[in-house]
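*Asks:* Using the numbering used here, you'd call the opening residue of the sequence shown number 142 and step up by one each time.
Backbone N, C-alpha and C fix where the C-beta goes; we use that ideal spot for every residue, glycine too.
Since we're looking at a predicted model, the values are computed, not measured.
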Amino acid sequence: MNKLSETPVSVLDLSPLVEGATPADSYRCTLDLARHADRWGYNRYWLAEHHNIPGVASSATAVLIGHVAGGTERIRVGSGGIMLPNHAPLVVAEQFGTLESLYPGRIDLGLGRAPGTDQVTAHALRRDLNQTGDEFPQLLAELRAYFRPAVPGQRVRAIPGEGMDIPIWLLGSGGFSAQLAGQLGLPFSFARQFSPANTLPALDLYRRAFRPSEVLSQPYAMVGINVVAAATDEEARRLFTSHQQSFLNLVRGHPMRIAPPVEDMDQLWSERERAAVESQLRGSIVGSPETVRSGLEALLEDTAADEIMVSGMVFDHAARLRSYEIVADAFGNLRS
142 MNKLSETPVS
152 VLDLSPLVEG
162 ATPADSYRCT
172 LDLARHADRW
182 GYNRYWLAEH
192 HNIPGVASSA
202 TAVLIGHVAG
212 GTERIRVGSG
222 GIMLPNHAPL
232 VVAEQFGTLE
242 SLYPGRIDLG
252 LGRAPGTDQV
262 TAHALRRDLN
272 QTGDEFPQLL
282 AELRAYFRPA
292 VPGQRVRAIP
302 GEGMDIPIWL
312 LGSGGFSAQL
322 AGQLGLPFSF
332 ARQFSPANTL
342 PALDLYRRAF
352 RPSEVLSQPY
362 AMVGINVVAA
372 ATDEEARRLF
382 TSHQQSFLNL
392 VRGHPMRIAP
402 PVEDMDQLWS
412 ERERAAVESQ
422 LRGSIVGSPE
432 TVRSGLEALL
442 EDTAADEIMV
452 SGMVFDHAAR
462 LRSYEIVADA
472 FGNLRS
C-alpha cells in the first residue's frame with residue numbers, strides 16, 4: 142500500500158469564475174496557481190472542459206492548456222478532460238499535436254464521454270443528440286489512429302499529431318470508461334469529487350478488466366477528490382460553502398458564478414437540497430492540515446490509488462493557494 146509520501150499528487154482546475162471577476166481574472170489566477178503547483182512539486186495540472194456554466198471559465202480547454210504550459214516549467218499540463226463526443230477526433234489530434242510540439246513531454250490528453258453541459262448547449266456545439274456515449278470507443282479508436290505514424294496511402298493525417306507519443310487517459314464517474322480503459326490497457330482517472338458512491342466499484346472494474354498494453358504493463362488509477370484546507374476545521378468548512386453553493390445552484394437548475402463563503406448553509410438550502418448536495422460531495426476532505434492529512438491517508442487506503450488529483454473550489458484566491466500548499470505539505474512534496 143502506497144504512503145502519501147510515495148504517491149504523486151496533481152491539480153484539477155476548472156478556472157473558477159467568481160462573483161465580481163472577469164474571465165481574464167480567472168485565467169490570471171489559474172496561471173498563478175499552476176506556477177505555485179509547479180514549485181510545490183505537484184505532478185500534473187489538468188483543466189476540465191465544461192460549457193454554459195457561469196462559474197467555469199475553462200471551456201476552451203486546449204487554449205488554456207497552452208497558456209498554463211507556456212507559463213510553467215516542469216509540471217505536466219493536460220485535460221481533465223476533453224469531452225470527445227463534442228469534437229471531431231482529427232481536431233483533437235491536431236490541437237494536442239500542436240501542444241506537444243510546443244511543450245514536448247509535458248502534455249496529457251484526458252478524455253471523457255459526457256458532453257460536459259446540458260442538452261441545449263450540446264446541440265449548440267453541433268453534437269449529434271442521437272449519440273448515447275456508446276460510440277465513444279469508436280471515436281477513441283479514430284483519435285488514437287491519428288497519433289500513430291502515417292501509413293502509405295493514408296489520405297487524412299493529423300499534422301501535427303501523427304507519430305506523437307501523447308499519454309491518453311480515460312476519465313469517468315461510472316463503469317463504462319473504467320472497463321474500456323482496462324480493456325485497452327490505458328490509465329484511468331475516476332471523478333470521486335462528484336461521484337463518491339461509484340468510486341470503489343469503478344476502480345475494481347478497471348483493475349479486473351485490465352489487459353497489459355504497449356502503454357501500461359499494470360493498472361494505473363488516479364482518483365479525483367475535493368479538498369479544502371485551512372488553518373482550522375472551522376475555517377475550512379466556511380471556505381467550502383462556496384463549493385456547496387455551486388452544487389446547490391446546479392441542483393436548482395440555475396448555475397451561477399462562485400459565491401463568497403457563508404457562515405451557515407442551513408439558511409440557504411432545504412433538507413432535500415442538502416441531501417442532494419451532500420450525496421455528491423460527501424467524499425470531500427475539508428479541514429485543518431491534520432484533518433486533511435488523515436483524510437487523504439484514508440482515501441489512499443480505501444482506493445489504493447496510484448495518484449491523487451485534488452480539486453478545490455475556493456472563492457478567495459489567496460485562500461485557495463494556501464489550501465493547495467497545505468495539501469502539498471501533506472504529501473511531503475512541498476519544495477519552496
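Which same chain residues end up closer than 7 Å to residue 146 when comparing Cβ atoms and leaving out the 5 residues on each side of it in sequence?
*Replies:* These residues qualify, in order along the chain: 472 and 473.
*Asks:* Could you tell me which whole alpha helix (DSSP H) segments of length 4 or greater appear in the segment 424-461?
*Replies:* Listed in chain order, the complete alpha helix (DSSP H) runs (minimum 4 residues) inside the segment 424-461 are 430-444.
*Asks:* Please name the residue in 436, 444, 469 and 383 whose C-alpha comes closest to that of residue 157.
*Replies:* Per the Cα distances, 383.
*Asks:* May I ask you to verify whether the segment 351-360 touches the segment 335-342, counting CB pairs closer than 8 Å and requiring at least 3?
*Replies:* They do not touch, by the three-pair rule.
*Asks:* Exposed or buried, what is residue 393 when buried is set at 16 or more other beta-carbons lying within 10 Å of its beta-carbon?
*Replies:* So residue 393 ends up on the exposed side.
*Asks:* Between the segment 152-172 and the segment 405-412, do three or more beta carbon pairs fall short of 8 Å?
*Replies:* No: the two stretches stay apart, fewer than three of their Cβ pairs being nearer than 8 Å.
*Asks:* Between which two residues does the alpha helix (DSSP H) carrying residue 286 extend?
*Replies:* Where residue 286 is concerned, the enclosing alpha helix (DSSP H) stretches over 277-288.
*Asks:* Of the choices 172, 344 and 304, whose alpha-carbon is the least far from that of residue 316?
*Replies:* Cα-wise, what sits closest to residue 316 is 344.
*Asks:* Quickly, what does DSSP pair residue 186 with across the bridge? List them, please.
*Replies:* BP columns for residue 186 point to 152 and 218.
*Asks:* Can you give me the C-alpha to C-alpha distance between residue 438 and residue 144, rounded to a whole angstrom?
*Replies:* For residue 438 and residue 144, the distance between alpha carbons rounds to 7 Å.
*Asks:* Within a Cβ cutoff of 7 Å, which residues of the same chain sit near residue 230, ignoring the five residues on either side of it in sequence?
*Replies:* 280, 283, 284 and 287.
*Asks:* Considering only the beta carbon of each residue, do residue 309 and residue 248 sit closer than 8 Å?
*Replies:* No, these two residues do not count as a Cβ contact at 8 Å.
*Asks:* With DSSP as the reference, label residue 329 as helix, strand or coil.
*Replies:* Here residue 329 sits in strand by DSSP.
*Asks:* On the premise that residue 185 lies in contact with residue 217, defined as a C-beta separation below 8 Å, what is that separation, rounded to the nearest angstrom?
*Replies:* Contact holds; Cβ gap of about 4 Å.
*Asks:* Just the C-alpha distance for residue 375 and residue 426, rounded to the nearest angstrom, thanks.
*Replies:* Rounded to the nearest angstrom, the two C-alpha atoms are 13 Å apart.
*Asks:* Leaving out five residues before and five after residue 305 in sequence, what residues of the same chain have Cβ atoms less than 6 Å from its Cβ?
*Replies:* Hits under 6 Å: 238, 241 and 288.
*Asks:* For the candidate residues 252, 211 and 469, whose alpha-carbon lies nearest to that of residue 244?
*Replies:* The residue with the shortest Cα to Cα distance from residue 244 is 211.
*Asks:* Could you check the C-alpha separation between residue 251 and residue 347 for me, to the nearest Å?
*Replies:* So the two alpha carbons sit approximately 16 Å from each other.
*Asks:* Distance check for residue 359 and residue 162, CA to CA, integer angstroms please.
*Replies:* So the alpha carbons of these two residues sit roughly 44 Å apart.
*Asks:* Let's test the definition: count the other Cβ atoms within 10 Å of the Cβ of residue 190 and tell me whether it reaches 16, buried, or not, exposed.
*Replies:* By the neighbour-count rule (16 or more Cβ atoms within 10 Å), residue 190 is buried.
*Asks:* How would you call residue 328, buried or exposed, if buried means at least 16 neighbouring beta carbons within 10 angstroms?
*Replies:* With 16 or more other Cβ atoms within 10 Å, it is buried.
*Asks:* Helix, strand or coil: how does DSSP classify residue 291 here?
*Replies:* Coil at residue 291, not helix or strand.
*Asks:* Does DSSP classify residue 399 as helix, strand or coil?
*Replies:* In the structure shown, residue 399 sits in a strand (DSSP, three-state: E or B).
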